[in-house]
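Colleague: Quick note on my numbering: the sequence shown kicks off at 1 and runs consecutively.
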Amino acid sequence: VEKILPFLNQLGVIEKILPFLNQLGVSKLSLFYADFSQRNEKIDSTKLERFQKILINSCEQCGRSVLMELEAFPSTKEVLKAYPKASVLDFKGETLPASAISEQERIIGPEGGFSEQEREYFKEREIYRIPLDMVLKSESACVFVASIAQV
1 VEKILPFLNQ
11 LGVIEKILPF
21 LNQLGVSKLS
31 LFYADFSQRN
41 EKIDSTKLER
51 FQKILINSCE
61 QCGRSVLMEL
71 EAFPSTKEVL
81 KAYPKASVLD
91 FKGETLPASA
101 ISEQERIIGP
111 EGGFSEQERE
121 YFKEREIYRI
131 PLDMVLKSES
141 ACVFVASIAQ
151 V
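(1) So the candidates are D90, F122, E120 and I107; which of them puts its Cα closest to the Cα of M134?
(2) Since K28 is in the beta strand (DSSP E), which residue starts that stretch and which ends it?
(3) At what residue ranges does the segment 56–94 contain a whole run of the alpha helix (DSSP H), taking only runs of 4 or more?
(4) With H, G and I counted as helix, E and B as strand and the rest as coil, what does DSSP make of P19?
(5) Assuming E118 is part of the beta strand (DSSP E), what are its boundary residues?
(6) For S138, count neighbouring Cβ atoms within 10 angstroms of its own Cβ and tell me buried if that reaches 16, exposed if not.
(7) List the DSSP bridge partners of P6.
(8) Applying the 10 Å Cβ sphere with the 16-neighbour rule, what's the burial state of C62?
(9) Short of 8 Å in beta carbon distance, which residues of its chain neighbour Q10, apart from the five on each side in sequence? Order them along the chain.
(10) Tell me whether N57 is buried or exposed, calling it buried when 16 or more other Cβ atoms sit within 10 Å of its Cβ.
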């Protein structure tokens, strides 16, 4: 998976998964605010600098020479405009087939799913769910998708 696009919830959680995604070779992390995102934390230049430091340390530790890119979008609609070919990972989708694992861009939704309005935006998209019986937290889903793409 080249690009993972998770919804934005708690920034502390993003900090925790950055090294894992970096070590798994994700080239770009595009964060976005979904309708069900908590908006009490905003991404500002200070937070992005902190994320960059985490990524630099991770690169030094794992031997990666290219820094993972980071970007943020204010809404689901904006991330869909920027990534018109991205598929969606949501608990209401079809089981993720092995052939779709290596897709370049994957939008990962919140644990509670997307809003009805956001689901309307996805009508022209492929929507998948992780082939597990459990509902994964979004950060676990990010690591899962990055991991199986490496296999």
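No residue lacks a Cβ here, since even glycine has one placed at the ideal position from N, Cα and C.
Modeller: According to the structure shown:
(1) If you compare the alpha carbons of D90, F122, E120 and I107 with that of M134, the shortest gap goes to D90.
(2) First-last of the beta strand (DSSP E) with K28: K28 to F32.
(3) Entirely contained in the segment 56–94, the alpha helix (DSSP H) runs reaching 4 residues are, in chain order, 76–82.
(4) Reduced to three states, the DSSP call for P19 is helix.
(5) Following the DSSP letters along the chain, one finds E118 in no beta strand (DSSP E) but inside the alpha helix (DSSP H) bounded by residues E116 to Y121.
(6) Label assigned to S138: buried.
(7) For P6, which the question treats as bridged, DSSP gives the partners I108.
(8) Within 10 angstroms of the beta-carbon of C62 lie fewer than 16 other beta-carbons, which makes it exposed.
(9) Listed in chain order, the non-local C-beta contacts of Q10 below 8 Å within the same chain comprise Q38 and E41, local neighbours out to five positions each way being set aside.
(10) It counts as exposed.
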